[in-house]
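Let me begin by presenting the structure, written as structure tokens, before commenting on it.
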Amino acid sequence: DTGVSQNPRHKITKRGQNVTFRCDPISEHNRLYWYRQTLGQGPEFLTYFQNEAQLEKSRLLSDRFSAERPKGSFSTLEIQRTEQGDSAMYLCASSPDRWEGYTFGSGTRLTVV
Amino acid sequence: EDQVTQSPEALRLQEGESSSLNCSYTVSGLRGLFWYRQDPGKGPEFLFTLYSAGEEKEKERLKATLTKKESFLHITAPKPEDSATYLCAVQAYSGGSNYKLTFGKGTLLTVNP
Chain V
1 DTGVSQNPRH
11 KITKRGQNVT
21 FRCDPISEHN
31 RLYWYRQTLG
41 QGPEFLTYFQ
51 NEAQLEKSRL
61 LSDRFSAERP
71 KGSFSTLEIQ
81 RTEQGDSAMY
91 LCASSPDRWE
101 GYTFGSGTRL
111 TVV
Chain A
1 EDQVTQSPEA
11 LRLQEGESSS
21 LNCSYTVSGL
31 RGLFWYRQDP
41 GKGPEFLFTL
51 YSAGEEKEKE
61 RLKATLTKKE
71 SFLHITAPKP
81 EDSATYLCAV
91 QAYSGGSNYK
101 LTFGKGTLLT
111 VNP
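Chains as they are written, first to last, in the numbering used here: chain V, 1 to 113; chain A, 1 to 113.
Below is the structure:
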């Protein structure tokens, strides 16, 4: 059990570029979540996967955001045409079925310049 | 809409000076209340889950309690290594399998030696 792994840890991109983040959950965890955290705020829910199915998306997730979890393993979060307002820490978390709490990764910090 | 309010926003203590952090919440039906610790640049680290009013949990110098409207995180004789942001989150019954969390903004705790 190596924990939830997120890559890259940091990403600096120019406005208008596309970026993709990867999350590797704890093995055998079938639930996977993405959250976004801005400075001085708590994490905000973005989307949820159970195995490979994306079951819920927050209204915070605009059309420029897309998430996938092929084969119910790792997940990717893509942001197209990045804007300065997208600058934040993007957190991934995973959970087994039997527990409502979950384990977070260390996050990917995105800076849009 | 579920809401979580944490107070104070920041707290500075001397080593050994005990205190409490507050988390007040409104939720349609509480499945669980969670406390996480977050160090700078890292993802939240799970501390406790509380499920019903009157429940208490302890871990080292930390003790979490729950009432129908709020939760307290008591810190006894804190040490500098307890310095971190402490996040409170609630999970509501939604009828589905999405165990999303609604977080407060956190309390930034600084313990001076």
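Built from N, CA and C at the ideal position, the CB exists for glycine as well.
Check                                                                                                            : Outcome
Neighbour-count burial assignment, V:Ser73, 16 or more Cβ in a 10 Å radius                                       : exposed
Chain A contacts made by the region 17 to 50 of chain V, where a contact means CB separation under 9 Å           : Arg31, Tyr33, Tyr35, Gln37, Gly40, Gln41, Gly42, Pro43, Glu44, Phe45, Tyr48 and Gln50
Which residues DSSP lists as bridging A:Glu56, in chain order                                                    : A:Thr65
For V:Glu56, the residue or residues it bridges with in DSSP                                                     : V:Tyr48
Any non-hydrogen atom of the ligand PLP within 7 Å of V:Gln37 CB                                                 : The ligand PLP is not part of the structure shown, which contains no ligands of any sort.
Beta-bridge partners of V:Ala93, as assigned by DSSP                                                             : V:Tyr33 and V:Phe104
Minimum Cβ-Cβ distance from V:Gly101 to chain A less than 8 Å                                                    : yes
Within chain A, partners of V:Phe65 - CB distance below 9 Å                                                      : The premise fails here: V:Phe65 is roughly 16 Å from chain A at the closest Cβ pair, so nothing lies under 9 Å.
CB contact flag (V:Gly3, A:Lys105, <8 Å)                                                                         : no
Residues near V:Val112 by beta carbon distance below 7 Å, same chain, minus five either side                     : Thr13, Arg15, Thr82, Glu83, Gln84, Asp86 and Ser87
Assumed close pair A:Ala77, A:Ser18 - CB separation to whole angstroms, cut-off 8 Å                              : 6 Å
Own chain partners of V:Pro25 with C-beta closer than 6 Å, once the 5 adjacent residues on each side are dropped : Val4, Leu32 and Ser94
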